[in-house]
Amino acid sequence: MKNIAVIGAGTMGNGIAHVFAQNGFKINLIDISETALNKGLQTIANNLDRMVAKEKISKEDKETTLNNITTFTNIKTGVNNTDLVVEAATENLDLKLNIFKALDEACSGTTILATNTSSISITQIAAVTSNPERVIGMHFMNPVPIMKLVEIIRGYNTSNEVTQTIMELSKKLGKIPVEVNDYPGFVANRILMPMLNESIETLYNGVAGVTEIDTVMKLGMAHPMGPLQLADFIGLDVCLSILNVMYNGFKNPKYAPCPLLVNMVNAGKLGVKSGEGFYDYSESKKAEKVASQFIR
677 MKNIAVIGAG TMGNGIAHVF AQNGFKINLI DISETALNKG LQTIANNLDR MVAKEKISKE
737 DKETTLNNIT TFTNIKTGVN NTDLVVEAAT ENLDLKLNIF KALDEACSGT TILATNTSSI
797 SITQIAAVTS NPERVIGMHF MNPVPIMKLV EIIRGYNTSN EVTQTIMELS KKLGKIPVEV
857 NDYPGFVANR ILMPMLNESI ETLYNGVAGV TEIDTVMKLG MAHPMGPLQL ADFIGLDVCL
917 SILNVMYNGF KNPKYAPCPL LVNMVNAGKL GVKSGEGFYD YSESKKAEKV ASQFIR
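Numbering-wise (my numbering), the sequence shown opens with residue 677 and increments by one.
In structure tokens form, the structure reads like this:
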């Protein structure tokens, strides 16, 4: 397995392309937006520059990594003669189903089709293809070049052969793969998102302020960042989307998103990406200044 296509040049897509390219794979990075592709390549280059500055890689390693990546704006052309496609588009069911329908038509019957979805059913995605046994979840963590975990999610029909291939491939990337079954939220988000939602509920109910909640979890539970800061980092729209998938999938009220979260997303306060969430990022990307709405 040498030729890999990655669909989506955003945060997750360019991170996945970076890791594969740095480990010697030839990468076709695909996005409908030429601007997104250029931005993705620049992000990869910037991350590689930081690695060079820290003497983790050489300048030659950086150039080799970038030369391993070719960009495309057309899926059919981009996935030609690839052994694996990793879809890393926006966390939207209809979009993913349309992408996998297109992949089913464009790829050979031997190509493994993986999705980086963090919550959507692998079985449901696989159902729109003619080879559901070759569809699998490959959920990388953000930031991809740094985080070691990859959740490997088996759909109802995913074959043992495909699962083993992706487990071994993940190890070649220097990652630690963990096999899980296909239920809403898988493992990571099934545990993480209710915690983030409960922290938002705690704020919503006036139990404590933003920094107080985050400080308790950082100092008391040894979390590297507080849950409200983490929600901002992930994106409040992404958190809401995942919670809705879990709520609809389990029909259990414990997964219902907090009204404050819903209102913030509706107001466009999405966290770091929009410049404001629970914290104000207008002057710094660090969670140093609480958003004015939450100052007590």
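All C-beta atoms, glycine included, are put in the ideal place defined by N, C-alpha and C.
Residue environment for R830: buried (at least 16 other C-beta atoms within 10 angstroms of its C-beta). G785 has its alpha-carbon roughly 43 Å from the corresponding atom of M901. Sequence-distant Cβ neighbours of K735 in its own chain, meaning closer than 8 Å and more than five residues away, are V728.
Judged by DSSP in its simplified three-state form, I796 adopts coil rather than helix or strand. With three or more CB-CB distances shorter than 8 Å, the stretch 791 to 798 counts as touching the stretch 861 to 875. Nearest to H694 by C-alpha distance, out of T711, I876, N679, A721, is A721. Restricting attention to E964, I910, K962, the CA atom closest to the CA of L946 is found in I910. Annotated as proximal: I703 and A697, with beta-carbon spacing under 8 Å.
Runs of the alpha helix (DSSP H) spanning 4 or more residues and lying entirely within the stretch 678 to 714 occur at 687 to 698, in chain order. Shown here, M922 sits in a helix according to DSSP, grouped into three states. Between the stretch 774 to 784 and the stretch 798 to 816 there are three or more inter-stretch CB-CB distances shorter than 8 Å, so the stretches are counted as touching. Around the CB of E739, fewer than 16 other CB atoms lie within 10 Å, so the residue is classed as exposed. Inter-residue distance for N768 and V941 is about 15 Å (C-alpha atoms, whole angstroms). The straight-line gap separating the alpha-carbon atoms of M843 and I971 is approximately 46 Å.
At the C-beta level, V682 and I708 stay beyond 8 Å of one another. As computed with DSSP, I828 is found in a beta bridge with M814, E855. Assignment of Y955 by DSSP, reduced to helix, strand and coil, places it in the strand class.
Restricting attention to E837, G850, K965, the CA atom closest to the CA of P821 is found in G850.
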